[in-house]
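Asks:
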Amino acid sequence: MTRVLVVDDEPLIVRALVVNLEARTYEVDAAGDGAGALRLAAARHPDVVVLGLGLPDMDGVDVIKGLRRWTRGPIVVLSARHSSKEKAEVLDAGADDYVTKPFGMDELLARLRAAVRPAGSADGDDQGIVETDGFTVDLSAKKVHRDGRDVRLTPTEWHLLEVLARNAGRLVGQKQLLQEVWGPSYGTETNYLRVYMAQLRRKLETDPSSPRHLITEPGTGYRFEK
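Take the sequence shown: its position 3, counted from the start at 1, is 2 in numbering that gives the first Met the number 0, and no numbers get skipped.
#1: Taking 6 Å as the limit between beta carbons, can you name the residues of its chain near proline 154, skipping five residues before and five after?
#2: Taking DSSP's pairing of strands, which residues face threonine 135 in a bridge?
#3: Quick one: complete alpha helix (DSSP H) runs, 4+ long, within the segment 40 to 81?
#4: Measuring CA to CA, which of Leu199, Leu20 and Leu152 is closest to aspartate 286?
#5: What number of angstroms, rounded off, separates the C-alpha of arginine 139 from the C-alpha of isoleucine 128?
#6: Drop a sphere of 10 angstroms on the beta-carbon of methionine 0, count the other beta-carbons inside from all chains shown, and report buried for 16 or more, exposed for fewer.
#7: Quick one: give me the first and last residue of the beta strand (DSSP E) that leucine 170 is part of.
#8: Could you check if asparagine 190 is buried or exposed, using at least 16 other CB atoms within 10 Å of its CB as the buried criterion?
#9: Are the C-beta of valine 3 and some C-beta of chain B separated by less than 8 Å?
#10: Do leucine 192 and leucine 203 come within 8 Å of each other at the CB atom, strictly closer than that value?
#11: Are the segment 35 to 49 and the segment 71 to 81 in contact at 8 Å, needing three or more beta carbon pairs?
#12: Give the secondary structure of tyrosine 195 by DSSP, where H, G and I count as helix, E and B as strand, and everything else as coil.
#13: State the start and end residues of the unbroken alpha helix (DSSP H) segment that holds glutamate 85.
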């Protein structure tokens with residue numbers, strides 16, 4: 000059973016999350032401030048943390064940094080902060096995903112499932128096949144199929160698609176993508192991502208101008224949606 004630590008200063012949000020998570024057989028602990036969150040995390044070892052940023056005793060970014068000193072477990076942030084700079088700061092501190100308040104419970108639960116799913120898993124397909132309604136990514140064979148034919152991708156296009164597909168449903172930050180695809184010395188060349196994502200959309204999306212599967216989170220990163 001997956002253990003979730005819910006941290007937020009709004010009691011109504013905490014209660015709604017606890018009720019909905021427990022109804023889906025998660026084990027749930029809850030805290031209303033940063034110090035309590037860190038104590039509970041150390042004592043209970045949650046599989047995933049759902050963290051609000053506007054805590055009464057410390058900023059949520061500092062809680063993320065505190066957690067990251069000893070755990071690599073996924074952290075899903077809840078926040079009313081909308082700016083790209085603030086979202087990037089949260090991801091760079093070590094968060095795995097970012098959900099903007101107000102949020103739908105179905106969306107949050109989907110993000111939570113994606114966060115706790117092992118990287119590289121493909122929702123029950125042991126062969127590493129990631130399917131959408133328009134194309135199929137074969138991670139083992141390193142191929143993409145669309146309309147019954149192989150899609151020719153450059154090595155860089157494939158590497159970018161592979162990182163996103165292996166993290167399907169998760170937000171992958173710009174810095175992480177750049178470093179995984181181009182190397183550790185890259186981290187700010189976001190124009191590379193715009194160019195190659197546009198190329199992937201032209202090859203894979205039915206309507207590249209309104210993508211359904213290769214989604215941009217403005218100023219923050221990208222997400223592969225099936």
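Note that beta-carbon positions come from the ideal geometry of N, C-alpha and C, so glycine has one too.
Replies: Put simply:
#1: none
#2: Glu130 and His144
#3: 59 to 67
#4: Residue 286 lies beyond the residue range present for the chain, which begins at 0 and ends at 225; the question has no answer from this structure.
#5: For the record, residue 139 in the displayed sequence is serine; it is not arginine. Distance between the alpha carbons of serine 139 and isoleucine 128 is about 8 Å.
#6: exposed
#7: DSSP places leucine 170 in the uninterrupted beta strand (DSSP E) bounded by 170 to 172.
#8: exposed
#9: In the structure shown, chain B does not exist; there is a single protein chain.
#10: Against a cut-off of 8 Å, the Cβ pair of leucine 192 and leucine 203 comes out as no contact.
#11: yes
#12: Helix, per DSSP.
#13: 83 to 92
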